[in-house]
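Just so it is clear: in the sequence shown, position 70 is 69 by numbering that gives the first Met the number 0, and no numbers are missing.
Every residue gets a Cβ at the ideal spot worked out from N, C-alpha and C, and that includes glycine.
Below is one structure, written out as structure tokens, with a few remarks after it.
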Amino acid sequence: MHVLQRTGERRLTDYHASFVSIDCGLPENAAGYVDDTTKLRYTGDTGFTDAGTNHNISAEYITPTMDSGWHTLRSFPTGVRNCYTLRPLVSAGQKYLVRAMFMYGNYDGLGVPPIFDLHLGVNYWKTMNISDPGATMMTEVIAVVPGGSLQVCLVNTGSGTPFISSLSLRPLKSALYPQANATQGLVLAIRSSFGGKGVR
């Protein structure tokens, strides 16, 4: 029994090593960290985008039980389209779950949550309507990366400054979600949780 547990733990750790978890808005000189809840390692977004500015959410929105990844974000006050390029982290032909997470937290002191578009490469993904300053929002897409890079882009549609709190990639086996292929992806519509406390 002990041998099986250790083997299982090692395999799970090896699988997690292929995860990409980016905490957007961390200071450039900040080291990565291991999330207390998921036990996954997060890195900052320096090197994945050369645009935008780092911010902390307002202290009034920080709670004792909040994961630290929600404390920071990167906003893009200039330019219509700003992208994260994940070139060295993805493999051509690999199927990925791409997850983007958002919490406005009145970081700019304006109290006006924005509306903006999210693109995967050149393709429209979703319109993010951030209506509640204290709410956390998440969207996911499953897609096959035909080349050796992947871009997640935030597009200013004239209704406020786009921002992002975290960005994650999870490699998937090619047999999963056969509807997702090199020509089309699958966007999350709804997820029901039956006992789980979080997502990895």
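Assuming contact is defined by CB atoms lying nearer than 8 Å, are residue i and residue j in contact in what I supplied?
i	j	result
Q93	P161	no
V79	N155	yes
T45	E27	yes
L119	V143	no
I21	L166	yes
N81	H70	no
M127	I114	yes
I189	R73	no
T138	L117	yes
Could you spell out the range, first to last residue, of the beta strand (DSSP E) harbouring residue i?
i	result
E139	136–143
K94	94–101
C23	Looking at the DSSP string, C23 is not in any beta strand (DSSP E), and its letter there is neither H nor E.
Q150	150–158
G120	Here G120 belongs to no beta strand (DSSP E), and DSSP marks it neither H nor E.
Helix, strand or coil, according to DSSP, for residue i in the structure here?
i	result
G133	coil
L88	coil
K172	coil
V111	coil
L185	strand
Y231	Summary: the structure shown does not reach residue 231, with the chain confined to residues 0 through 199, and so no result is reported for it.
Examine chain C for any beta-carbon lying closer than 8 Å to the beta-carbon of residue i, and answer yes or no.
i	result
Y106	Among the chains of the structure shown, chain C does not appear; only one protein chain is present.
Any heavy atom of the ligand PLP closer than 7 Å to the beta-carbon of residue i?
i	result
L117	Summarising the ligand content, the structure contains no ligands, and the ligand PLP is consequently not present.
Which complete alpha helix (DSSP H) runs does the region 47–85 hold, if anything under 4 residues is left out? none
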